[in-house]
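Protein chains in written order, with our numbering: chain A, 53 to 275; chain B, 49 to 438.
Below: one structure, written as C-alpha cells.
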Amino acid sequence: MRKIKTHADIKAKVDSQKWFYSNTVKDHFFKPRNFLDGTKAEKYKYDGLGLVGSPACGDMMKVWIKVDKKKDKIKEMKWATFGCASAIASTSMLSLIVSENGGMKIDKALKIKPQDITERLKGLPTRKFHCSVLGDKALRGAINDYFRKTNQNTRIVLEGARVIDKETNVTDKDIEEAVLEGAYTLQEIQEKLKVGVSNKSCVPEVEQLIKFYNEKYFGNPSQ
Amino acid sequence: MKNIYLDNAAATPLNQMVIKEITECLTKIDGNPSSFHSKGLEAKEAIDDARKKVANTINCKPNEIIFTSGGTESINLALKGIAFANKSKGNHIITSKIEHHAVLNTCKFLEKNGFNVTYLDVDKYGQVNPQDIEKVITDKTIVISIMYANNEIGTIEPIERIGNIAHSKNVYFHSDGCQAGGLLPINVQNLNVDLFSLNGSKMYGPKGTGILYVKNGIKLEPLIHGGGQENGLRSGTENVGGIVGFSKALELAQNKWLEENKRLSKLSHKLIEGLLKIPKSRLNGHPTERLINNVNISFLDVEGESIVLRLNEIGIYASTSSACTSKSLETSHVLKAIGLPYEASHGSIRFTLGDATTEKDIDFVIKSMHYIVEFLRKISPLNLSMEHFK
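What follows is the structure, given as C-alpha cells:
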C-alpha cells in the first residue's frame, strides 16, 4: 500500500490526561483483582454462585465464592462483569473487601451495602451508582446459593427492599411493583409513587430501576 | 503516549490556516458591523466577504446565508422558523427516527405547540425510503427534515430524491448537513434543499459557528429578536472572527473533499477490515452509502464505555453511543432505529477519521482493539451468540 500523506496544516493539540473517575476506580478498572477468566470458569470449583443484571440492560455481574465452612468466612470471591468502567471497578473492589484480612464473615458479607463499595472507590458519579448496586446483590445471590447447597435454608436472606427516596420512603420493590402494574416512564412512576418529586437527587437511580425492571419483565426499556 | 484522535464526527481540530485567518481578523477588527464609520465598515466588509465566500462555495446567493452559533441553532431556526411562519398553511412535519437530537428535540417542542410530527422508520442500514415520505405527506405538511448523513453510523440519505418529492408536493425541505461539511460535496442547487444547516466545528473550523442556508422567498420566524442583524433572522452583534473562520474552513473543506475521500477511503476500509477480524463484531450503517470517515462497529459481550476508556488510556480517542456514557442512560436511538438489539448496541464504538489520521494510527488502533476486546471478554460473564446481531 502506498504511503498516505497527512495534511501538515491540521495538527492535534496537546495530549489530554483527564480522567472521569477517581484514581481508585481507574486502578481497579485497569488492574481488576480476582476476576475469573471466562475460558477457565467451567473448571472452577466454587461453593456459591450469584448472577444479577442482563445484557440488554448493559450491566451484568456473576460472583463465585469459596467458603471456609468452619470459620463461616468467605475464603475467595471471583467475578465476571459486563459493563462500564465503574461496574468493573466496583466488582473488583467488592472482591477485595470480602477477601481481605483472611476473609469476611458471611453474616457481615450479607450486610455489604452499595455505599460501602463506592466509599472504598473514593466515590462514583451519581448516575453510575446503580452499577455498583449490582455487585452486592450478586454476592448475596452467591451466598444464598451456598446456603441452599449446604442445607442452611433458614439462613437464606430474601432480597429486602431498599429505600431509594428517603423523603417518600419509596423502595426498589415499590418501583418494581409499579413497573409490573404498567408504569413505563418516570412521569408514570411519579404519578403513582411521588418518588423523586421533591428529592431530585434520587431520580437517576429511579430512572435506572424503571429501565432495569422494564427490561427484566418486558424486555423493552422505557423511553 | 500516542495522540490518535478518532472522534472527528464530534469535533475536529482547527485547521492552522483557519486559526491564522481568525487571529488576523480578531487582531485587526474592532468595530461593530452595524456602526456607521470606518471601523464598522471594516467589520461589515469582513462579514460580507465571508458571506460571499460561503455562497460561492455552496452555490447560492450571499443573501441566502444566515450565520448562526452552530448546527443546533441553524436547525432550530429552520424548523421552528418554518413552522411558526407557516401556521396558516399547515401543522405537519416529517422527519426520521435517526436525526440528531437537535432535530428530534426541536420536533418534540413543536409537538407541544400544536404541530404534528411523523418520525419515519429507516431500513437496517439507516436509510429513509423516499416512497415512505410520499405515503405520509398530507396537504397539512409544511416541512420535511432529513439529514444529509448520519452522525453515528455515517449513512448517507437520498436527499436529492427526497427534495424532489417535497417540491412536487409544494413542501419545504430542510437537511441537516452538519456531518457532511468536509466529506461530501455541498451544492445546495444539486441537493434540492430549501434550507440547509452546517456547522464549523466538524470541518476544521471554530466551535460556535454555523450557517443556515435559506432559499430566497422562504419566510422564517426568527428565534432571536433584537437589532435585526442577518436579515432580521438572527439578531445580535455578529461573531466576526467566527464567521471569517467558518467561511475559510468551509472553503478549504469543500476544495479538498474529493481528495480527502480518496485518502480516507483506504484508511477506513483497512480499519473496518481489521476490526471485523475480531470475533462477534459487525459494521453498523450502510456498506457503501456511508461517510468515508465513519467506522461504527458493535462487539458482543463487552460494553462500549469500557472500550473507550481503555483506548483513552493509550492515547486513542473514540466514541461510544453506549447508555453508560450518555446523560440519559439510554442506548443510541440510531442503533435502535436500525434494529440492533440492546445487548449488541451496548458494545458499539464509533471511530471517525480525520485529516490528521495516518495509516500507522490505524494499524495501532486495530492491534489495540484486538487486545482490549479480548481482555474485556475475559472478564465478561457473557457469551452471546451471533443471533444477537440479527
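Quick reminder that beta carbons are idealized off the backbone N, C-alpha and C, glycines included.
{"query": "Can valine 292 of chain B and glutamate 121 of chain B be called in contact, C-beta distance under 8 Å?", "result": "no"}
{"query": "Between histidine 394 of chain B and chain A, is there a C-beta pair that is closer than 8 Å?", "result": "yes"}
{"query": "Going by the CB atoms, is the gap between isoleucine 427 of chain B and proline 84 of chain A shorter than 8 Å?", "result": "yes"}
{"query": "Tell me which residues of the region 119-151 of chain A have at least one Cβ-Cβ distance to chain B shorter than 7 Å, keeping chain order.", "result": "Ala132, Thr133, Phe134, Gly135, Cys136, Ala137, Ile140"}
{"query": "Within a Cβ cutoff of 6 Å, which residues of the same chain sit near isoleucine 164 of chain A, ignoring the five residues on either side of it in sequence?", "result": "Asp188"}
{"query": "Using a beta-carbon distance cut-off of less than 9 Å, what residues from the region 418-438 of chain B approach chain A?", "result": "Leu424, Arg425, Lys426, Ile427, Ser428, Pro429, Leu430, Asn431, Leu432, His436"}
{"query": "Straight-line CA distance for lysine 375 of chain B to leucine 231 of chain B?", "result": "Interpretation of lysine 375 of chain B is limited by its pLDDT of 49, a score under 50 that renders its predicted location unreliable; the figure taken from the coordinates is listed afterwards. Roughly 29 Å between the two C-alpha positions."}
{"query": "By how many angstroms is the C-alpha of glycine 402 of chain B removed from the C-alpha of alanine 214 of chain B?", "result": "33 Å"}
{"query": "Report buried or exposed for phenylalanine 264 of chain A, applying the criterion of at least 16 other Cβ atoms within 10 angstroms of its Cβ.", "result": "buried"}
{"query": "What in chain B is Cβ-close to lysine 114 of chain A, meaning under 7 Å?", "result": "Pro429"}
{"query": "State the start and end residues of the unbroken beta strand (DSSP E) segment that holds isoleucine 216 of chain A.", "result": "215-217"}
{"query": "Please list the partners that glutamate 299 of chain B has in chain A, where partner means a Cβ-to-Cβ separation under 9 Å.", "result": "Under the 9 Å cutoff, chain A gives no residues; its nearest Cβ is about 13 Å from glutamate 299 of chain B."}
{"query": "Which residues in the same chain as glutamate 407 of chain B place their Cβ atom closer than 8 Å to its Cβ, once the five residues preceding and following it in sequence are excluded?", "result": "Lys314, Leu315, Lys318"}
{"query": "Measuring only between beta-carbons, confirm whether alanine 108 of chain A sits less than 8 Å from chain B.", "result": "yes"}
{"query": "Would you kindly work out how many angstroms separate the C-alpha atoms of valine 262 of chain B and glutamate 112 of chain B, rounded to a whole number?", "result": "5 Å"}
{"query": "Can you name the residues of chain B whose CB is closer than 8 Å to the CB of glycine 90 of chain A?", "result": "Arg425, Lys426, Ile427, Ser428, Pro429, Asn431"}
{"query": "Are the region 95-108 of chain B and the region 328-338 of chain B touching, with three or more C-beta to C-beta distances below 8 Å?", "result": "no"}
{"query": "Spatial neighbours of phenylalanine 294 of chain B within its chain, please: C-beta separation below 6 Å, excluding the five flanking residues on both sides.", "result": "Gly248, Gly253, Thr257"}
{"query": "For the pair the region 284-291 of chain B and the region 65-83 of chain B, tell me if three or more CB-CB distances fall below 8 Å.", "result": "yes"}
{"query": "Buried or exposed: aspartate 224 of chain A, going by 16 or more other Cβ atoms within 10 Å of its Cβ?", "result": "buried"}
{"query": "Against chain B, does phenylalanine 181 of chain A count as a neighbour if the rule is that its beta carbon must be under 8 Å from one of theirs?", "result": "no"}
{"query": "Which residue marks the beginning of the beta strand (DSSP E) containing tyrosine 261 of chain B, and which one marks its end?", "result": "258-262"}
{"query": "Please report how far the alpha carbon of proline 270 of chain B lies from the alpha carbon of isoleucine 259 of chain B, in whole angstroms.", "result": "14 Å"}
{"query": "Following the continuous beta strand (DSSP E) through tyrosine 196 of chain B, name the residue where it begins and the one where it ends.", "result": "Unbroken run through tyrosine 196 of chain B: none, as it is neither H nor E."}
{"query": "Ordered along the chain, which non-local residues of its own chain (more than five positions away) have a Cβ less than 6 Å from that of leucine 101 of chain A?", "result": "Trp116, Ala194, Asp197"}
{"query": "Identify each residue in the region 149-168 of chain A for which the Cβ-Cβ distance to at least one residue of chain B is less than 8 Å, and report them in chain order.", "result": "none"}
{"query": "If you draw a straight line from the C-alpha of isoleucine 158 of chain A to the C-alpha of glutamate 361 of chain B, how long is it?", "result": "37 Å"}
{"query": "Should phenylalanine 399 of chain B be labelled buried (16 or more other beta-carbon atoms within 10 Å of its own) or exposed?", "result": "buried"}
{"query": "If you count every other CB in all the chains shown that lies within 10 Å of the CB of arginine 200 of chain A, and 16 or more means buried, which is it?", "result": "exposed"}
{"query": "With DSSP collapsed to three states, give me the class of serine 138 of chain A.", "result": "helix"}
{"query": "Could one say the Cβ of proline 84 of chain A lies closer than 8 Å to chain B's Cβ atoms, at least one of them?", "result": "yes"}
{"query": "If you pair each beta-carbon of the region 381-400 of chain B with each one of the region 103-113 of chain A, do three or more pairs fall below 8 Å?", "result": "yes"}
{"query": "Would a C-beta distance cut-off of 8 Å place glutamine 239 of chain A and glycine 248 of chain A closer than the cut-off?", "result": "no"}
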